[in-house]
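Okay, so here's the structure we're looking at.
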Amino acid sequence: MIRLRKILLSNSFFYLLLLLTIIITLIRFNFPKKSVISLSDNNISGVITSIKYNGNVMSFNLKIKNNENVQCYYYFKNIEELTNIKNSIKLGFSVKLSGEALNVKDSRVDNTFSYSNYLKVKHIYYLFKTDNIIIENKKINFFYKIKNLILNYLNYFKSGSYIKMLLLGDMTFVSVDVIESFRKNGISHLFAISGTQVTVLADVVIKLLEKIKIKERNRYILVNIFIIFYMLLTGSPPAILRAVLFFLLSSINKYNYFYISNLNLFLLTLSITLLINPYFIYDLGFLYSYVISMALIMCSKILDNKKYFVSLFLTSLISFLVSLPITLYNFYEINFMSIIYNLFYVPFVNTILFPLSIISLFLYPVDYVLNFFIIILEKTSLYISSINFGRIIIPKLNIIFYVFYYLFLYLFYRYRKRLFLLIFITMIVLHYNFYNIFDFDYIYMFDVGQGDSILIHSKNTNMLIDTGGKVNHYSESWMKKENESSIAENSLIPFFKSMGIKKLQFLELSHGDFDHLGEAINIIDNFKVDNVFINEGYINYNEKKIIKRSNSIILYEGSSFSVGNFNFISINTDLNDENDSSTILYGECGDVKLLFMGDASVRSEEYILNNYDIGYVDILKVGHHGSNTSSSKEFIETIRPKYSLISVGENNKYGHPNKETLENLKDTKIYRTDQDGSIMFKIKNNKLKIETCSS
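Residues 2 to 696 in the working numbering are what the sequence shown spells out, letter by letter.
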């Protein structure tokens, strides 16, 4: 025991353990665990561990062999079937599914959310679309009985959605707009179950055990059993796992007189967590939880013996600074006002909402009081999120840049020299202005499925040609809209921010079809847009809505404008048809010639051939997604594009691109979003560098 204490009192032991853990983690990344299922599997069996309903879709997690999970989906045929399944399927049931296994696909737009990494944290490597669910065993264990009981009980509460979020980590029933406001305000960390919940619950249980005269050592044993059960109840997210492990190790440390420092206990907790699951490194809750907790432990002497609000401000400031690199690397935007907002929201959530959530479980009338404070929370958060003051867009750079952030923060903490803080601030300023200093011209065609969206950038000036947009094929209100996720909010705007784009000078909408302008309102509402160009001809319902919400300009034939080094002219005319009247832009950037055809057809091509002599082009955005109504042989042979870009949805129902069109384009280099993902053309000294983003 004496030798063990000696080892545990050595800082070197914990640093060495962490280094060894990192090496093992890197090895496990390079030799990933092999899944027990494959794409050829049409039947799988397992235990349902979570269920979410969204309109006519039920998504649920199925635990199969080797502790692996599969994310499953079932589409209801009618509302009666939805009601029947809701009433008959419970957590913990063993089921057999038939259907098809699917690969996990990431967004094929650079710098956007990685769904595959998100699922790896949960040991999920495949999706499964099922068309038949057979219940094999309704016998469930004690753990799932308790969880089902709690979830059913909370359905009767006005504040049930928030109690589920605060106590169980389930954000399913909280408004998406409210959740987004939390993120914009920099307070979303307060609503992810974390060490705070564990600490509060542990304190409550300890005080209850004190009242019934349980000995201190036994109290801690019982509390550890309780918080381990709570961890399992919440699904063991990384932040909760950290808090529970740290509490457990602290208890062992205390009652065996090992005298291990909190920092070393923390490093031991980190090592154990990564050994349990190396993919936790992809989880933002894990990163925020560990970085902020470690910083607060290291700065404990700074925070000790300070007045409450001084301590709260310093805690908020330290948390903001150490989490800054994580926020910048993942969201490309920071809100300096979050330091101030947290001074209100931290005590509001931790001393009002969270305790009231616990009390209301036992005293139902308290639910009405809790609901009153939730209304205050939502109203204030939504209002504050509409204020742009303090929010700054900062582009994404190489990960080494973010490592240097932490290096200089640590050096400042260690040596207290202003030089290191000055370097840190200088890095932020350089980071903010990076693409102003090292700017380049580029064209970026987004993979938006069956639609169009192309970004033109030069000299800090930006134009987006079309926005993409998925059409809703459902009419009944209870059904899930096809692809309810917003292309603008999930793909286009994150990419803009990652490239340091703070506004669009021009949003050019080639015509009124939804797959070309369906996301325009989302972009106008969530991103600064100076001018919107509408094509000449008939103004349809979609375009009228956009005109009311923006500074709109009709782009007539012969209209010309510049986007930095790009010079454009509109060469279409009104042909009394939505597609034929698409705005056609001819552009030049130095010696590079461009032609963007929208959904224009052979009629438009004939008009161009008869009225313009544009010569050969370098880059052609092929008309109408490669349909056989456009890209005639005569037109292609006349303009002879070097590169042809086709924006088209994977396995689309229209059969785009057409074989005849591809034959006409055979002498050009073809890039397709369904095969190549998003495509970037960088232009420098009249030379093109091409990059693709395929999953």
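Glycine residues also receive a C-beta, built at the ideal position from the N, C-alpha and C atoms.
- At a Cβ-Cβ threshold of 9 angstroms, Tyr54 and Leu128 do not count as neighbours.
- In the structure shown, Gly588 adopts extended strand secondary structure according to DSSP, grouped into three states.
- With a cutoff of 9 angstroms on beta-carbon distance, Asn336 and Lys498 are scored as not near each other.
- In this chain, the alpha helix (DSSP H) harbouring Ser182 covers 177-186.
- For Ala240 and Asp284, the gap between their C-alpha atoms comes out near 9 angstroms.
- Secondary structure note for Ala296: its alpha helix (DSSP H) is the uninterrupted segment 285-299.
- Looking at the backbone, the Cα of Phe183 and that of Val533 are separated by about 30 angstroms.
- The three-state secondary structure of Val564, taken from DSSP, is strand.
- Shown here, Glu638 sits in a helix according to DSSP, grouped into three states.
- A Cβ-Cβ distance of about 7 angstroms is found for the pair Leu493 and Ser454, placing them in contact under the 8 angstroms criterion.
- His512 carries a coil assignment under DSSP once its states are collapsed to helix, strand and coil.
- Following the DSSP letters along the chain, one finds Met428 inside the alpha helix (DSSP H) bounded by residues 419-433.
- As computed with DSSP, Gln72 is found in a beta bridge with Asn62, Leu128.
- Comparing alpha carbon positions, the residue from Tyr280, Ile429, Gly538, Glu509 closest to Met464 is Glu509.
- Within its own chain, the residues whose Cβ lies closer than 6 angstroms to the Cβ of Phe321, once the five positions on either side in sequence are excluded, are Ile340, listed in chain order.
- Looking only at Tyr443, Gln506, Gly469, the smallest Cα-Cα distance to Thr462 is reached by Gln506.
- Per DSSP, the continuous beta strand (DSSP E) segment holding Val593 begins and ends at 593-597.
- Cβ-Cβ separation between Gly616 and Asp516: approximately 30 angstroms, too far for a contact (criterion under 8 angstroms).
- Among the bridge pairs identified by DSSP, Ser551 is matched with none.
- The Cβ neighbour count for Gly588, taken over all protein chains shown within 10 Å, is at least 16; the residue is labelled buried.
- Assigned with DSSP and collapsed to three states, Lys670 falls in strand.
- Straight through space, the alpha carbons of Val292 and Ser324 are spaced by roughly 7 angstroms.
- For His432, the closest alpha carbon among the candidates Tyr346, Asn372, Leu329 is that of Leu329.
- Following the DSSP letters along the chain, one finds Tyr443 inside the beta strand (DSSP E) bounded by residues 442-446.
- Per DSSP, the unbroken beta strand (DSSP E) holding Val530 starts and ends at 530-536.
- Judged by DSSP in its simplified three-state form, Leu398 adopts coil rather than helix or strand.
- Annotation: Ala102 to Gly170 spans about 28 angstroms, alpha carbon to alpha carbon.
- The beta carbons of Ile488 and Ile522 sit no closer together than 9 angstroms.
- The DSSP-derived three-state label of Gly452 is coil.
- In the structure shown, Asn491 falls within a helical segment according to DSSP collapsed to helix, strand and coil.
- By the Cβ rule, the region 267-280 counts as touching the region 18-36, because three or more pairs are nearer than 8 angstroms.
- For the 9 angstroms CB-CB criterion, Leu167 and Phe409 do not form a contact.
- Shown here, Asn523 sits in a helix according to DSSP, grouped into three states.
- Taking a C-beta distance under 9 angstroms as the contact criterion, Asp619 and Asn653 do not qualify as a contact pair.
- Shown here for Phe374: same chain residues with a beta carbon closer than 8 angstroms to its own, the five before and five after excluded, namely Phe349, Ile353, Leu354, Leu357 in chain order.
- The criterion of a C-beta distance shorter than 9 angstroms is not satisfied by Asp467 and Arg109.
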